[in-house]
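Structure first, commentary second.
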Amino acid sequence: MSKEVEELDELLKTFLNLEEIDVNIYRSTHLLPGRKDGRRVYGGQVVGQALMAANNTISSEFHPHSLHCQFIAPGDISRPIIYDVTRIRDGKSFCSRLVKALQNGTIIFTMIISFHISEPDSIKHQEPIPELAPPNECEDATDFFKR
58 MSKEVEELDE LLKTFLNLEE IDVNIYRSTH LLPGRKDGRR VYGGQVVGQA LMAANNTISS
118 EFHPHSLHCQ FIAPGDISRP IIYDVTRIRD GKSFCSRLVK ALQNGTIIFT MIISFHISEP
178 DSIKHQEPIP ELAPPNECED ATDFFKR
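In my numbering, each number is its position in the sequence shown, counted from 1, plus 57.
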């Protein structure tokens with residue numbers, strides 16, 4: 058493994074690293090600043106850490122297939138973020154989680170995420186796209202509208 062790859066691997070581990078402090082509760086161990094003032098947490102890191110916290114509460118055969126995030130307040134890089142995971146549903150093929158990210162007891166971010174076990178399609182919802190001519194072989198729009 059090259060030095061650059063090793064450094065990137067270490068950065069990603071640090072970027073997403075969480076400490077489990079209780080059942081379904083995790084704490085950030087290292088926060089990176091966003092680009093503007095250097096004191097605000099990078100939002101992508103909050104999303105990634107929330108996803109990791111939720112992922113820590115499910116079995117490995119489940120994979121994320123839908124998530125919705127809402128940034129509620131800015132995060133401060135000088136204080137840890139606590140990720141509180143609520144287990145909404147644990148089914149045979151779907152799991153749902155609600156993750157709240159908190160600083161100083163205040164919610165700064167929420168994520169609702171659904172996980173799914175890969176399974177064969179049971180129904181097809183659309184027809185295949187038909188073969189079409191490439192754009193440079195299509196009729197000019199002006200000529201089309203003149204007809």
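Note that CB positions come from ideal geometry on N, CA and C, so glycine has one too.
Task: Start and end residues, alpha helix (DSSP H) containing E64 - done: To locate residue 64, count along the sequence shown from 1; it is residue 7. K60 to L73 is the span of the alpha helix (DSSP H), which, as asked, contains E64.
Open item on the list: Let me make sure I understand the geometry here. Which of P187, S171, Y83 and K60 has the alpha-carbon closest to that of I138?
Closed with: Taking the first residue of the sequence shown as position 1, residue 138 is located at position 81. For the residues P187, S171, Y83 and K60, the minimum Cα distance to I138 belongs to Y83.
Task: Contacts around H173, its chain only, beta-carbon distance under 7 Å, and the 5 residues preceding and following it disregarded - done: By 1-based counting over the sequence shown, the position of residue 173 is 116. Within the same chain, H173 has close Cβ partners F119, H120, H122, S150 and F151.
- [ ] Within the same chain, show all residues whose beta-carbon is closer than 7 Å to that of F72, passing over the 5 residues directly before and after it, in chain order.
- [x] Start at 1 with the first residue of the sequence shown, and residue 72 comes out as number 15. Apart from sequence neighbours up to five positions away, the residues of its chain that approach F72 with a beta-carbon distance below 7 Å are L89, Q102 and G105, ordered along the chain.
TODO: Give the DSSP bridge partners of R144, in chain order.
DONE: Taking the sequence shown and counting its residues from 1, one reaches residue 144 at position 87. Beta-bridge pairing links R144 to R154.
Open item on the list: Quick check: the Cα distance between L189 and E176, rounded to an integer number of angstroms?
Closed with: Position 132 of the sequence shown, counted from the start, is the residue given in the question as residue 189. Position 119 of the sequence shown, counted from the start, is the residue given in the question as residue 176. CA-CA distance, L189 to E176, rounds to 32 Å.
Task: Sufficient close CB pairs (3 or more, under 8 Å) joining the region 106-115 to the region 156-170 - done: Yes, they touch.
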